[in-house]
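Colleague: Below you'll find the structure I mean.
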Amino acid sequence: MKMDILISGAGPTGLTLAIELARRGVPHVIIDSNAEPAPGSRGKGLQPRSLEVLHDLGVIDEIRAHGTTGLPLRLYQGHELSIELATAGAKEPRPDVPYPDLVLLPEWRVEAILRDRLTELGGKVLFGAELTGFEQDEDGVTASLSTGEQVRARYLVGCDGGHSTVRRALGLSMNGHTHDDQYFLVGDVTLDGLADDAAHAWFGPDGSYLALSPLPHADGAWQYQANVIPDQDGAVPEPTLDIFRRLFAERSGRADVTLREATWLSRYRFNARMVSSYRKGRVFLAGDAAHVHSPAGGQGMNTGIQDSYNLAWKLAATLGGAPESLLDSYGAERIPVAAHVLASSSRGFESVFALTGLRRFLRDHLIFPLVKLPAVMARLLAKTNQLDIAYPGSPITLPATGHGPRPGDRLPDARTTTVDGAPVRLFDLLRGTHWTILGIGARAAADGTDGVHVHALAALPGCRPGTFLLVRPDGYIAARATDPKILTDHLDSLLTPGV
Numbered sequence: 279m280k281m282d283i284l285i286s287g288a289g290p291t292g293l294t295l296a297i298e299l300a301r302r303g304v305p306h307v308i309i310d311s312n313a314e315p316a317p318g319s320r321g322k323g324l325q326p327r328s329l330e331v332l333h334d335l336g337v338i339d340e341i342r343a344h345g346t347t348g349l350p351l352r353l354y355q356g357h358e359l360s361i362e363l364a365t366a367g368a369k370e371p372r373p374d375v376p377y378p379d380l381v382l383l384p385e386w387r388v389e390a391i392l393r394d395r396l397t398e399l400g401g402k403v404l405f406g407a408e409l410t411g412f413e414q415d416e417d418g419v420t421a422s423l424s425t426g427e428q429v430r431a432r433y434l435v436g437c438d439g440g441h442s443t444v445r446r447a448l449g450l451s452m453n454g455h456t457h458d459d460q461y462f463l464v465g466d467v468t469l470d471g472l473a474d475d476a477a478h479a480w481f482g483p484d485g486s487y488l489a490l491s492p493l494p495h496a497d498g499a500w501q502y503q504a505n506v507i508p509d510q511d512g513a514v515p516e517p518t519l520d521i522f523r524r525l526f527a528e529r530s531g532r533a534d535v536t537l538r539e540a541t542w543l544s545r546y547r548f549n550a551r552m553v554s555s556y557r558k559g560r561v562f563l564a565g566d567a568a569h570v571h572s573p574a575g576g577q578g579m580n581t582g583i584q585d586s587y588n589l590a591w592k593l594a595a596t597l598g599g600a601p602e603s604l605l606d607s608y609g610a611e612r613i614p615v616a617a618h619v620l621a622s623s624s625r626g627f628e629s630v631f632a633l634t635g636l637r638r639f640l641r642d643h644l645i646f647p648l649v650k651l652p653a654v655m656a657r658l659l660a661k662t663n664q665l666d667i668a669y670p671g672s673p674i675t676l677p678a679t680g681h682g683p684r685p686g687d688r689l690p691d692a693r694t695t696t697v698d699g700a701p702v703r704l705f706d707l708l709r710g711t712h713w714t715i716l717g718i719g720a721r722a723a724a725d726g727t728d729g730v731h732v733h734a735l736a737a738l739p740g741c742r743p744g745t746f747l748l749v750r751p752d753g754y755i756a757a758r759a760t761d762p763k764i765l766t767d768h769l770d771s772l773l774t775p776g777v
C-alpha cells in the first residue's frame, strides 16, 4: 500500500489531520490499534480557539448541537457547599470572538463527529491496524502493521497518545515531571439523585478530591474523578464501581445518590512532559504523543487538534512542491505552545490538588474565595481559551513595524463589507484550504488563484486604509505591508522551491 501520509492514531489529533489532508486531496491512511472507537469521556471540553478550527473544518454546528456551555461548577469544602462558579466567560459572542466559551462534550463524541466529517470527504479509519514498526529513508517511510500489511508513505505522523509507539521507535524521551504523590481514578457512570444542572467537586480536609460532571447528550452519563494516595508499598486500587461508590459516599456525605453502573473505568497520574523535537526525518509527532500534561484548564485535546491544524497544510504544501524547510516551522511554532501549556497546567494542578502545606492553605483561604469574584473567574477562563496563541518569532512569519495587526497573530473574526459594499464575515472568507490576501480600503494588485484568494475590504478593525494582510490557511497572519508585492514575494519564498 502506498500513499503520501500515514497517520497512526485516530483520536481528535489524528482525525483533525486526516480531515485537513482529505480537504486538500492528499492521499493518506489513518490507522488505530483499537478494534473499534475508544469509549469514555477522557477529555471533555473544547476551548474557543479549537471551536474556530472546528468551524473551518465544517463541524461546528454538530459540535455545538451535541455540547453545552456555561455549566456551573459547585465546589464543596468537606461536605458543605462553598462556592458555585460560573464557567461562561461572556454573555454572548462578539464579532471578533464568535465562540467565547468552552463547549463541554465527551471526547468520544468529538471523535464521532470528526469521523463522520472524514467519511463525508471520502476517508475512513482503519481500526484494528496497529503500527508495529517502521523504517525511514531519504524518500519516505516503510511501516509494518499488525494486519501483516506494509505501508509505504512519504511521511508518518504519530498521533498515538502518551504511550506512542512512534515516539518510542524514534528514541525520543518525554522530559518533565510526573506527580507521584497521588493517582486519579476516572470513569463514566450513570447515577440517580444528583442535580445535573451543574458539575460538582468535593475537596476534603484530608486532601481528598472527588468530582462529577454531567455529560451532555450522553444517555445520562457523568464523568467521575477521584484522587487516591498510594499505600506504603506504592499500591493503588484498580478502578471499580464499588470503589467509586465508597469514595463518593465518604467524600460527598451524600447517602441519597446511587451510582448505578460504569461504562468506562481507568486510572492515571498527572504528567507534565514533552519531547524536545516534533520531527525526526520524515516522521512527526502530534498531540499526546509529543506532550502530556495535567488536565487543569482543559488543554490536552485542544492542543492536539491545533498541532494537526498547524501541520496539515504544511505537509500538503511540501507534497505540492514547497521547500522541505517549511516543515521545520511546525516544531518551531508548536513546541513553545506546548511548553507554555505544560507550565500553566502544572501550576494549576499544584494550586488545586495540593495535599498539604502552604499551597493547600492558599487554595482554601485565598484561591477559592477569589474565584467567587466574576472578574477573577473571567480572567482565569481567558488564560485557557488559546485565542492568544501566536507565532511572531516563526521562521515563516515576516516581521512588520508600524500600526496594524501583528504578523504571527491569529486574525480575529469580523463583520465588515467589501469595497463594493457587500456584507461579509471574515471567517467565511478564510474558511477553506487556501491562503488569503486582504486589501483594506484598496484593491490588492494580485489575482486570486485556487490556492490564494484575494479580497478587498472596506475596513477591518485595527487596520488602516492601504494595509494588506497575508493570512495563512490556518488563520494566522503571515505578513502585513502597505505594498502587496511584499506579501506575494513572501508567499513565493515559502511555497516555491529555490526562491
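Going by this note's numbering, the letters in the sequence shown line up with residues 279 to 777, in that order. Ideal Cβ placement from N, Cα and C applies to all residues, glycine included. No experiment lies behind these values; they were computed from the predicted model shown.
1. Taking only heavy atoms of the ligand GDP into account, decide whether any of them is closer than 7 Å to the Cβ of Ile391.
2. According to DSSP, Val732 sits in a beta bridge with which residue or residues?
3. Run the CB neighbour count on Val592, radius 10 Å, all protein chains shown included, and call it buried at 16 or more, exposed below.
4. Going residue by residue through the region 613-665, where are the continuous alpha helix (DSSP H) segments of at least 4 residues, counting only ones entirely within it?
5. Using the beta-carbon count (16 or more within 10 Å), is Asp728 buried or exposed?
6. Where does His457 fall in DSSP's three states?
7. Taking all protein chains shown into account, do 16 or more other C-beta atoms lie within 10 angstroms of the C-beta of Val435, making it buried, or fewer, making it exposed?
8. What's the gap between the Cα of Tyr461 and the Cα of Gly440?
9. What are the boundary residues of the beta strand (DSSP E) that Gly243 is part of?
10. So what's Val331 in DSSP terms, helix, strand or just coil?
11. Examine the Cβ distances between the region 593-600 and the region 469-477 and report whether three or more of them are shorter than 8 Å.
12. Does the region 603-621 come close enough to the region 547-559 to have 3 or more Cβ pairs within less than 8 Å?
13. What would DSSP say about Gly292, mapped onto helix, strand or coil?
14. So which of Asp509, Val697, Gly482 and Ala366 has the shortest CA-CA distance to Phe526?
15. Give me the Cα-Cα distance between Val697 and Pro371, rounded to the nearest whole angstrom.
16. Can you check DSSP and say which residues form a bridge with Arg693?
17. Output yes or no for whether 8 Å exceeds the beta carbon distance between Leu284 and Val429.
18. Tell me Tyr546's beta-bridge partners as DSSP assigns them.
19. Based on Cα-Cα distance, which residue from Ser422, Gly578 and Leu738 lies nearest to Ala447?
20. Do Leu676 and His768 come within 8 Å of each other at the CB atom, strictly closer than that value?
21. Assuming Tyr433 is part of the alpha helix (DSSP H), what are its boundary residues?
Modeller: From the atom records:
1. The model on display carries no ligand, and the ligand GDP is accordingly not part of it.
2. Start at 1 with the first residue of the sequence shown, and residue 732 comes out as number 454. Looking at the DSSP assignment, Val732 forms a beta bridge with Ile715.
3. Along the sequence shown, one-based indexing puts residue 592 at 314. For the sequence presented, residue 592 should be read as Lys rather than Val. Burial call: buried.
4. 635-640, 646-649 and 652-660
5. Looking up residue 728 in the sequence shown gives position 450. Exposed.
6. Against the sequence shown, residue 457 aligns to sequence position 179. Coil at His457, not helix or strand.
7. Working through the sequence shown from its first residue, we reach residue 435 at position 157. Buried.
8. The residue labelled residue 461 in the question sits at position 183 within the sequence shown. The residue labelled residue 440 in the question sits at position 162 within the sequence shown. Rounded to whole angstroms, Tyr461 to Gly440 spans 16 Å at the Cα level.
9. Given a span of 279 to 777 for the chain in the structure shown, any question on residue 243 remains unanswerable.
10. Looking up residue 331 in the sequence shown gives position 53. Correct three-state label for Val331: helix.
11. no
12. yes
13. Working through the sequence shown from its first residue, we reach residue 292 at position 14. If DSSP states are grouped into helix, strand and coil, Gly292 belongs with the helices.
14. Residue mapping note: residue 526 aligns to position 248 of the sequence shown, counting from 1. The candidate whose alpha carbon is nearest that of Phe526 is Gly482.
15. Counting from one through the sequence shown, the residue named residue 697 turns up at place 419. Counting from one through the sequence shown, the residue named residue 371 turns up at place 93. The straight-line gap from Cα to Cα measures roughly 26 Å.
16. Residue 693 sits at position 415 when you count from the first residue of the sequence shown. Arg693 pairs with Arg703.
17. Locating residue 284 in the sequence shown gives position 6, counting from the first residue. Locating residue 429 in the sequence shown gives position 151, counting from the first residue. Yes; because the gap between Cβ atoms is below 8 Å, this pair is in contact.
18. Against the sequence shown, residue 546 aligns to sequence position 268. Tyr546 pairs with Phe462.
19. As a first step, residue 447 is located in the sequence shown; it is residue number 169 there, counting from the start. Ranking Ser422, Gly578 and Leu738 by Cα distance to Ala447 puts Ser422 first.
20. Sequence index remark: in the sequence shown, residue 768 carries index 490 (1-based). Sequence index remark: in the sequence shown, residue 676 carries index 398 (1-based). Yes, the pair counts as a contact, with Cβ atoms nearer than the cut-off.
21. On the sequence shown, residue 433 is found 155 positions in, with the first residue counted as 1. Note, Tyr433: premise wrong, no alpha helix (DSSP H); beta strand (DSSP E) at Gln428 to Gly436.
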